[in-house]
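Please read the structure below before turning to the comments.
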DNA sequence: CCGATCGTGTACTATGTAGTACATAGTATG
DNA sequence: CATACTATGTACTACATAGTACACGATCGG
């Protein structure tokens, strides 16, 4: 899997660092609440991605979509999981129904729902 | 949480056993590939629910919906998770949009999609 | 009544998860 | 050029996950 998560984080962090020196491994690590050595290892793929909470904190720090970062880490937000767990037939059915639809179709669905034809 | 998973499984298995003696702890355990003592402990909530694979096998054995049994175990099917992970913005957005809709509305959505207005 | 089958208790294990703590070596800047 | 910050390597830890192995006493059916 060539560690897509770590490289992505490193890339984003270094881009930010170019214009803001506080985006060092040390300082970012401190802000998200882990040891610098740990973040370093995560970014180099020496260890698997951290816990959901740390990933969400990292997403916030990097200005990224938490769901995307979690996806790169091979995870799904626990609050989304809870939605499914509460009504499994319903949501499992829905997701299986639309899982192969192209992006634009799913997007249309989302908009349709949001814009109150429901 | 008073172990909803274990009690549910025990209930289903015992109901089946009433009319089919092969639904003993031992025999079901063997069919799903675990030790009898382990299934016994699972059913009594002495240990947490087993892995996804064993739960799915158990659902099949008991004639239950795997998604429901997984939900009772506090899990979400890994293939559903994969759908979300592949297009996180899209699916996270959709789920968050409809998460509070009443059952009938979600159901209408599912049907609408399935019956090809999309 | 006895052998087969049943459920369960006890003890143990292997692997994964999610990190910390500290030392060391490189880099940059004032 | 020194000192302060940087990244990284090494070693360790605590807890969770997902079970197995085996023995024991109860029970049921022919």
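Residue numbers (this note's numbering), protein chains in the order written: chain A, 1 to 118; chain B, 1001 to 1118. All residues carry an ideal CB built from backbone N, CA and C; glycine is no exception.
So, with DSSP's three-state summary, where would you put residue i?
i                      : result
residue 24 (chain A)   : coil
residue 77 (chain A)   : coil
residue 1010 (chain B) : helix
residue 1019 (chain B) : helix
residue 1106 (chain B) : helix
residue 34 (chain A)   : coil
residue 1099 (chain B) : coil
residue 1052 (chain B) : helix
residue 1003 (chain B) : coil
residue 67 (chain A)   : helix
residue 1087 (chain B) : coil
residue 42 (chain A)   : helix
Quick one, are the C-beta atoms of residue i and residue j less than 8 Å apart?
i                      : j                      : result
residue 1036 (chain B) : residue 1026 (chain B) : yes
residue 1106 (chain B) : residue 99 (chain A)   : no
residue 77 (chain A)   : residue 88 (chain A)   : no
residue 1103 (chain B) : residue 90 (chain A)   : yes
residue 28 (chain A)   : residue 12 (chain A)   : no
residue 95 (chain A)   : residue 57 (chain A)   : no
Starting from the beta carbon of residue i, find every residue of chain A whose beta carbon is closer than 8 Å, and list them in chain order.
i                      : result
residue 1087 (chain B) : 103, 106
residue 1074 (chain B) : 85
Write down the C-beta distance between residue i and residue j rounded to the nearest angstrom, noting that I regard them as a contact closer than 8 Å.
i                      : j                      : result
residue 1049 (chain B) : residue 1071 (chain B) : The pair is not a contact, with the Cβ atoms about 11 Å apart (cut-off 8 Å).
residue 24 (chain A)   : residue 17 (chain A)   : 7 Å
residue 113 (chain A)  : residue 1097 (chain B) : 5 Å
residue 80 (chain A)   : residue 1092 (chain B) : 6 Å
What residues of chain A sit near residue i, judged by a beta carbon separation below 9 Å?
i                      : result
residue 1058 (chain B) : Residues of chain A passing the Cβ test: none, with the nearest at roughly 15 Å.
Taking C-beta pairs closer than 8 Å, name the residues in chain B that residue i reaches, listed in chain order.
i                    : result
residue 97 (chain A) : 1110, 1113, 1114
residue 9 (chain A)  : Correct list: empty, because the minimum Cβ distance to chain B is about 16 Å.
What residues of chain A sit near residue i, judged by a beta carbon separation below 7 Å?
i                      : result
residue 1080 (chain B) : 84, 92, 95
Show which residues of chain B have a CB atom less than 9 Å away from the CB atom of residue i.
i                    : result
residue 65 (chain A) : 1088, 1089, 1092
Indicate whether the contact test is met: 3 or more Cβ pairs, each with one atom in the stretch 39-50 of chain A and one in the stretch 1043-1063 of chain B, closer than 8 Å.
Contact fails: fewer than three Cβ-Cβ distances are below 8 Å.
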